[in-house]
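Just below is one structure, and these are the notes that go with it.
Residue numbers (this note's numbering): 787 to 1143.
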């Protein structure tokens, strides 16, 4: 009988990613502060979405990499309680789920837009709070579940509902590399990794080790960084200018700005930090064009909002209603106008016969 040879999949070096600085920044911020709520990476096939997620897990020290399958159940995700063990052993036993296995690591969800809404909702709850609650038959138990959530999707395969889209902390939209030199560099790097993964990792070791240490130090520095009132006001102004719903965008911007300040080794959060992460937090929540806050109305009683076209998650512009001078058709579409027809003259008739008694 021939035995199957065990093999492990090498992770692509995080610093070897080509042409993805925004994605790298978003992943590092979520790794530093998982309470940001994860990052949603949207883009066509073959744009290194899953490669970047695995590279992040390999960068972090002793970080597990857990994948959520599309066919997973809610119990597999959050875990379940073995109530029967109380009767036999006198103690409650927890069967941990995927979120428990991903603690202090990376939880990766490919094609998150194809997952059931209830599963995505539960996952985002845990990612934002860092605490997982398992309930069964009126009994509940909690445990820590802090992980960097990375969800990827291909828009061609379906969109994510706006209610769930808003719950992802950050979002990055990737495109196909169109620059010939950049494509050439990607090809060279990928071919080198496929030929000898260890050699490419060794080549980038001088960058990987300091970056991993920086992430660990940034995590430790988070509690000591506060947000001045000027920073709070700036984040609120950006959220209002984007026309976002609720307060989640403001909170995400502030947490991401603090993580960025910690990543860069600074001891204060500034408005420039908020500006640097604003688009990551607002792109998938924006309902007004980015330049809306800079526009002025030409009408005496107008407002900037009146002249701004509403958008839905940057996917398109809603059409304005037709001007008042445009005739609006009535009735069925394509119906012809009525044509008057002369009536036929009816000759007079005699009186009706008398009714019989």
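Backbone N, C-alpha and C define an ideal beta-carbon position, used for all residues, glycine too.
None of these values were measured; they are calculated from a predicted model.
- By the Cβ rule, the region 861-869 does not count as touching the region 987-995, because fewer than three pairs are nearer than 8 Å.
- The alpha helix (DSSP H) runs of length 4 or more contained entirely in the region 950-1037 are, from start to end of the chain, 966-981, 983-989, 991-1007 and 1015-1028.
- Listed as beta-bridge partners of residue 857 by DSSP are no residues whatsoever.
- Per the coordinates, the alpha-carbon of residue 910 lies some 7 Å from the alpha-carbon of residue 823.
- Taking a contact to require three or more Cβ pairs closer than 8 Å, the region 991-1010 and the region 924-937 do not qualify as touching.
- Collapsing the DSSP output to three states places residue 867 in a strand.
- The three-state reading of DSSP puts residue 851 in strand, counting E and B together.
- In the DSSP annotation of this structure, the continuous segment of the beta strand (DSSP E) that includes residue 921 starts and ends at 917-922.
- Apart from sequence neighbours up to five positions away, the residues of its chain that approach residue 897 with a beta-carbon distance below 8 Å are 856, 938, 939, 940 and 943, ordered along the chain.
- Taking 8 Å as the upper bound for CB-CB distance, residue 978 and residue 970 are not in contact here, some 13 Å apart.
- Counting every other CB atom within 10 Å of its CB across the protein chains shown gives residue 832 a total below 16, marking it as exposed.
- Cβ contact annotation for residue 1025 (same chain, cutoff 6 Å, sequence separation greater than five): 1035 and 1036, in chain order.
- Put simply, of 801, 827 and 803 the residue whose alpha carbon is nearest the alpha carbon of residue 1069 is 827.
- With respect to the 7 Å criterion, residue 1059 and residue 1046 are classified as neighbours on the basis of their beta carbons.
- Secondary structure note for residue 802: it is in no beta strand (DSSP E), with a DSSP letter that is neither H nor E.
- Secondary structure of residue 826 (DSSP, three-state): strand.
- With respect to residue 892, residue 843 sits close: the two C-beta atoms are nearer than 7 Å.
- Inter-segment contact for the region 952-971 and the region 1005-1013 is absent: fewer than three beta-carbon pairs are separated by less than 8 Å.
- Taking 7 Å as the cut-off, the Cβ atoms of residue 906 and residue 885 do not count as close.
- When secondary structure is reduced to three states using DSSP, residue 1058 falls in the helix class.
- A Cβ-Cβ separation of about 18 Å leaves residue 812 out of contact with residue 950 under the 8 Å criterion.
- Between residue 849 and residue 809, the C-beta gap is not smaller than 7 Å, which leaves the two residues out of contact.
- Counting only residues of its own chain and dropping the five nearest sequence neighbours on each side, residue 817 has a CB closer than 7 Å to the CB of 842, 846, 934 and 1001.
- The continuous alpha helix (DSSP H) containing residue 840 extends over residues 835-845.
- Apart from the 5 residues on each side of it in sequence, residue 1053 has no Cβ closer than 6 Å to any other Cβ in its chain.
- Here residue 1004 has 818, 1048 and 1049 as same chain residues with Cβ atoms under 6 Å from its own Cβ, once five neighbours each way along the sequence are excluded.
- In this structure, the beta-carbon distance from residue 1039 to residue 1064 falls below 7 Å.
- In the structure shown, the three-state DSSP call for residue 934 is strand.
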